[in-house]
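Heads up, the thing below is written out as structure tokens.
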Amino acid sequence: MAVRWRSIARSVSAALSVGLVIAVAGCGPGGPPSPDGGLSFRLPGAAGATYTAGDSLVISVDSPMGSLTMNMDSEMTLDMAFEQAAGGIQVTADVAAFDASMNNPLTGRMTVDEGNVDGPLVFVVRPDGGVTVATVPSVTGGAEQLRPFLSLPYEMFPRFPRGTVATGSRWVDTVAWSGSPEEGSFASTTVYTYTLQGDTAVAGTTLLRIAATGETTLQGSMEAGGFAIEQRLAGTTSGFYLWDPAAGLLHSAELNRALEGSLRMPSMNLPAMPIRAEGPLRARLQP
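Numbering-wise (the numbering used here), the sequence shown opens with residue 1 and increments by one.
In structure tokens form, the structure reads like this:
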């Protein structure tokens, strides 16, 4: 029975880690204010920029054999290059450094680093912050589930409204992504309310602070370890972005996630298992 539950734990870990590691690097290029006083993503003044990002997530599953808690942590450095492209700004992000780990009480600790990452992350950002993905890095070495790149391009930018944006302005937009890694499929939707809170100074630089509060749903299904797994979670994602309008770059971001829901394994004929996932992510432009 212990062997069987270790297999189940691997399956649960794979499903959750692919579906829940969102917005690991919540940062990216911005753009100067548009002529009508609005906000939009345009070609930054610099040809490139380097960001560091950290992400911590605690995932708890109430299984028939007791509570199962998995800790997932990652740190990465992304070297980004920007160029004008049809429909927006193309971002080519090379993974200069990467350190990710998952600690599972039934299967032990799994780690990967930049040596397990192959290829850049390439996508185009529209003026309103919407994204079209071209390529996503792969992660090898038997740790494919420790890869935050599936959702990263969609979650790393705030959405901008049309027209004039003054201090206190609020707008609502939806950030959605989906993907089919390996033998599964995942989809996430967050309805954000953004608020331009005004100016703030960091190390002598005047930045715009944009608050973000969102209602998030995440669902997915996959085959792992010989088991079919279905999951659905809902909750909140909230935090803020600091945008540097003079440099045309996002200075930093911090988002906190609190999700809960259920996980089902139909082939095991088990009752739905409650799931909780929470933790912060932070990102910052390097000087």
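No residue lacks a Cβ here, since even glycine has one placed at the ideal position from N, Cα and C.
- The three-state reading of DSSP puts Met268 in helix, counting H, G and I together.
- By the criterion of at least three beta-carbon pairs nearer than 8 Å, the region 154-167 is not in contact with the region 112-121.
- When only Cα atoms are considered, Val191 and Asp173 end up about 6 Å apart.
- Residues of the same chain with a CB within less than 6 Å of the CB of Thr111, apart from the 5 flanking positions on each side, are Ser101 in chain order.
- Beta-bridge analysis with DSSP links Val191 to Thr174 and Glu215.
- Counting along the chain, the unbroken alpha helix (DSSP H) around Pro153 starts and ends at Leu152 to Glu155.
- In the DSSP annotation of this structure, the continuous segment of the beta strand (DSSP E) that includes Pro280 starts and ends at Met273 to Leu285.
- For Gly129, the secondary structure class from DSSP, reduced to helix, strand or coil, is coil.
- In this structure Thr216 is in contact with Gly235, their Cβ atoms being roughly 6 Å apart against a cut-off of 8 Å.
- With respect to Thr200, Leu242 sits close: the two C-beta atoms are nearer than 8 Å.
- With contact defined as three or more Cβ pairs closer than 8 Å, the region 246-254 and the region 221-230 are not in contact.
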